[in-house]
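Residue numbers (this note's numbering), protein chains in the order written: chain A, 6 to 298; chain B, 0 to 322. From the three backbone atoms N, C-alpha and C, an ideal C-beta is built for every residue, glycine too.
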Amino acid sequence: MTLTKISHPISLEKIRLLVSKSIQYRRAILKLIYTAKAGHTGGSLSCVDILNVLYNHVMDITPQNFNQVNRDRYVHSKGHSVEALYAVLADKGFFSTELLDNVEKYCSDFIGHPTRSVLGIEQNTGALGHGLSVAVGMALAAKKDGRSDRIFTIMGDGELTEGSIWEASASAAHYRLDNLIAIIDHNTLQITGRTEHVMNMEPLEAKFTAFGFAVRHVDGNNVEELVNLLENVPFEPGKPNLVLAHTIKGKGISYMEDQIQWHHRVPTDSEYAAAMLELDAAEKHLEKTDGRF
Amino acid sequence: MGGFNLQIGKTNLDTFAQTLMELAAIDRDILVLTSDSRGSGRVTPFAEKFPEQIVEMGIAEQNLVGVAAGLASAGKKVFVVSPACFLTARALEQIKNDVAYSDHPVKLIGISAGVSYGSLGTTHHSLHDFAALQAINNIDILAPADNFETIRAIRAAVNYPRPIYIRFGKKAMPNLHTPDTHFEIGKAIQLTPEREKYDVALIATGETVAPAFMVSQILTEQGVSSCVLSLHTLRPFDENAVERAAARSEVVITVEEHSVNGGLGSRVASFLMQAGVFRPLRIVGIPDEHTITGSQGEIFNHYGISAQALAQTALHLLEKEAA
Ligand SMILES: Cc1ncc(C[n+]2csc(CCOP(=O)(O)OP(=O)(O)O)c2C)c(N)n1
Ligand SMILES: [Mg+2]
């Protein structure tokens, strides 16, 4: 595995800020799931650092420019991890954080998957394997109109078995969509078990390369690495970008990490309390260090 | 609720999974195909007990159904177990061409059907499956109401000669039948006593049969007689039972966990009109709008799929008829 070289390090202050946001988002995700008594805990915790870096450092998407045409776009293809998206969008000011107490409640706009009823969400998802096609369409529209918008999407690694992903991949390369950045949340787990045991899709790098992507690896739970990689898109002009983000499902809470049952388990009272203590400890640790892992 | 008690059974989902275990033990040609759905389909114990009889296809519903058709063509008795929403939307062309049109007797099991997934929203609801499949020739369509109907439907499916789709939810269901009830694919079951005349005919399918049955009890207390049919099979459609129930009743109400377009109600209405049985009719189901957020129960209540609301619907319809 070749990790991309760090080209120009960002300020330590910015890293600290991002690391502290990741902790804050993990709190919000767990609180939301604990309150709703439903949610996809593991997958939200595995992709939240990527969303953090995208929304706070890489993408140009704000409540102010959301209704404009000329801006970046994000499609949450692994829609079940909606909690991570809700946490980040609330922090970005798309809606008030209190609304997250209503997730999945009767007549709420905030359901258990992304929908456009919520400001900041671009596309309704939840059935896997749709996001990349929609992102291809958005990227193609930007190219046709000569705009510099970039389109980002995160997919699950289990999701990659949907045939539509590969149809979308062919079209992304065919139309030379170097403004498309597809990120795989490669946590190696899905519902039933290890992704390679359920349906082996390796070698992923070779597959995506053969389909015409410029492929890069990154530690998807390391904000500094994510920043340095995602600042430098397109990786190769004329090619769509594919990021294999190596992540840990349930990242950040020791007893949830890499545990299959946390795909959609809801923490009990004591589990929730323990998780919050771990996040407090992470925050204390951050105060004492430079924020690097 | 009225003064009656229905004994709560298991979920139809668990009943299905257990029945399949019993059948697979004596028939090695039975295969279960899953799409990262063995947990949701409660077939994890099946996978442990019969590792040679389960085939995992990953999150790839189109391939899932295509492969099932191929296996069935070679004599395997294939049960495809996948959420109804993805199975009948994502893989619809495979169902139409590879299974129904090519006439391979695949058994498609749509789990967590209707609005069982509640506030996970429209991507996870199957309110289109009856409509889509009714427009495709050569696939039978079942929605068992309780554990009894589920056991019978699954047993009947094993050696069924045609493609068949069976959908159910994941909520514990009340037991509506006695063990000696006659079950046959394509034959509705009447849950209320036989009479010459009824005020209301309530025709329901799947998990909405229970509230329809409870209505009959509420209505009886108010001196209103009713004929409740569990139309567990949408295709082949039991014309005789529906015509008989409607012809003997003043008004007709259909109840389903499906869009009001193209499901049980549409089928009943179209049939009765063409049969010349003209009755005031209400189709109760999920209306043609953006479905509200809520649990299955909240969605049911919101759209009038509860015993209380159905009783009101019946009384209003009868009042109008009398006026
Ligand atoms: C088309 C479709 N099939 C099945 C599902 C049910 N489902 C939800 S999440 C999931 C597992 C996803 O695994 P992965 O893509 O690896 O996501 P992650 O590990 O990041 O949670 C499945 C099968 C779905 N949402 N959509
Ligand atoms: Mg995964």
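{"query": "Residues in the same chain with beta-carbon distance under 6 angstroms from B:G1, minus the five sequence neighbours each way, listed in chain order, please.", "result": "At B:G1, the pLDDT of 37 sits below 50, so the modelled position is not reliable and the matter cannot be decided from this model."}
{"query": "Go ahead and label B:V25 buried or exposed: buried means 16 or more other beta carbons lie within 10 angstroms of its beta carbon, across all protein chains shown.", "result": "It should be noted that the sequence gives Ile, not Val, for residue 25 of chain B. With fewer than 16 other Cβ atoms within 10 Å, it is exposed."}
{"query": "Taking a cut of 7 angstroms between CB atoms, which residues from the region 199–211 of chain A lie near chain E?", "result": "Here chain E cannot be found, since the structure's protein chains are A and B."}
{"query": "Sorry if obvious, but does the Cβ on A:L133 come closer than 7 angstroms to a heavy atom of ligand 2?", "result": "no"}
{"query": "Quick one, are the C-beta atoms of B:A68 and B:S101 less than 8 angstroms apart?", "result": "yes"}
{"query": "Does A:M64 come out as helix, strand or coil in the three-state DSSP assignment?", "result": "coil"}
{"query": "Alpha carbon to alpha carbon, how far is B:N4 from B:F129?", "result": "31 angstroms"}
{"query": "Quick one, what's near ligand 2 if you take every residue whose CB is closer than 7 angstroms to any heavy atom, in chain order?", "result": "A:G48, A:G161, A:D162, A:G163, A:D190, A:N192, A:T193, A:L194, A:Q195, A:T200, A:K254"}
{"query": "Please report how far the alpha carbon of A:Q69 lies from the alpha carbon of A:L105, in whole angstroms.", "result": "21 angstroms"}
{"query": "Assuming B:L107 and B:L86 make a contact with CB atoms under 8 angstroms, what is their CB distance in whole Å?", "result": "6 angstroms"}
{"query": "Could you pull the DSSP bridge partners for A:D96 from this structure?", "result": "None, per the DSSP bridge assignment."}
{"query": "Does the beta-carbon of B:A322 have 16 or more other beta-carbons within 10 angstroms, so that it is buried, or is it exposed?", "result": "exposed"}
{"query": "Quick one: residues in its chain with C-beta nearer than 6 angstroms to the C-beta of A:G161, no 5 flanking neighbours on either side, listed in chain order?", "result": "K83, D190"}
{"query": "Looking at the unbroken alpha helix (DSSP H) that takes in B:G8, where does it start and where does it end?", "result": "First-last for B:G8: 7–10, but that is the beta strand (DSSP E), not the alpha helix (DSSP H)."}
{"query": "Closest to B:G222 by CA distance: which of B:H289, B:L314, B:I153 is it?", "result": "B:L314"}
{"query": "Does any residue of chain A have a CB that is nearer than 8 angstroms to the CB of B:M20?", "result": "no"}
{"query": "Check whether the Cβ of B:I58 lies closer than 7 angstroms to any heavy atom of ligand 1, and answer yes or no.", "result": "yes"}
{"query": "If you follow the beta strand (DSSP E) that A:N70 is in, where does it begin and where does it stop?", "result": "Segment: none, A:N70 is in no beta strand (DSSP E) and carries neither H nor E."}
{"query": "Starting from B:M172, trace the beta strand (DSSP E) both ways and give me its first and last residue.", "result": "171–173"}
{"query": "Could you check if A:H85 belongs to the surroundings of ligand 1, using beta carbon to heavy atom distance under 7 angstroms?", "result": "yes"}
{"query": "Determine the direct distance from the alpha carbon of B:E249 to that of B:E320, and round the result to whole angstroms.", "result": "8 angstroms"}
{"query": "Looking at B:D128 and ligand 1, is the gap between the Cβ and the nearest heavy atom below 7 angstroms?", "result": "no"}
{"query": "Check distances from the C-beta atoms of the region 186–199 of chain A to those of chain B and list, in chain order, the residues that come in under 7 angstroms.", "result": "Q195, I196, T197"}
{"query": "Taking only beta-carbon positions, decide if A:L50 is within less than 8 angstroms of chain B.", "result": "no"}
{"query": "Provide the residue span of the alpha helix (DSSP H) that contains A:S169, from first to last.", "result": "168–179"}
{"query": "Beta carbon of A:H268: closer than 7 angstroms to some heavy atom of ligand 1?", "result": "yes"}
{"query": "Just to confirm before moving on: does the CB-CB distance between A:L133 and A:E164 stay below 8 angstroms?", "result": "yes"}
{"query": "Tell me which residues of the region 127–145 of chain A have at least one Cβ-Cβ distance to chain B shorter than 8 angstroms, keeping chain order.", "result": "N129, T130, G131, A132, L133, G134"}
{"query": "Does the beta-carbon of A:F157, which I'm using as the reference point, lie nearer than 7 angstroms to any heavy atom of ligand 1?", "result": "no"}
{"query": "In chain order, what residues of the same chain lie with their CB nearer than 6 angstroms to the CB of A:A287, ignoring the 5 residues before and after it?", "result": "I28"}
{"query": "Please state the DSSP three-state secondary structure of A:Y79.", "result": "strand"}
{"query": "Could you spell out where the alpha helix (DSSP H) holding A:I55 opens and where it closes?", "result": "46–58"}
{"query": "Would you mind giving the Cβ-Cβ distance between A:S25 and A:T252, rounded to the nearest angstrom? I have them listed as a contact below 8 angstroms.", "result": "No, A:S25 and A:T252 are not in contact; Cβ-Cβ is about 19 angstroms, not under 8 angstroms."}
{"query": "Would you call the CB atoms of B:A330 and B:A112 closer than 8 angstroms?", "result": "Since the first residue shown for chain B is 0 and the last is 322, residue 330 of chain B is missing from the structure and cannot be characterised."}
{"query": "With a threshold of 7 angstroms, establish whether the CB of A:S113 neighbours any heavy atom of ligand 1.", "result": "no"}
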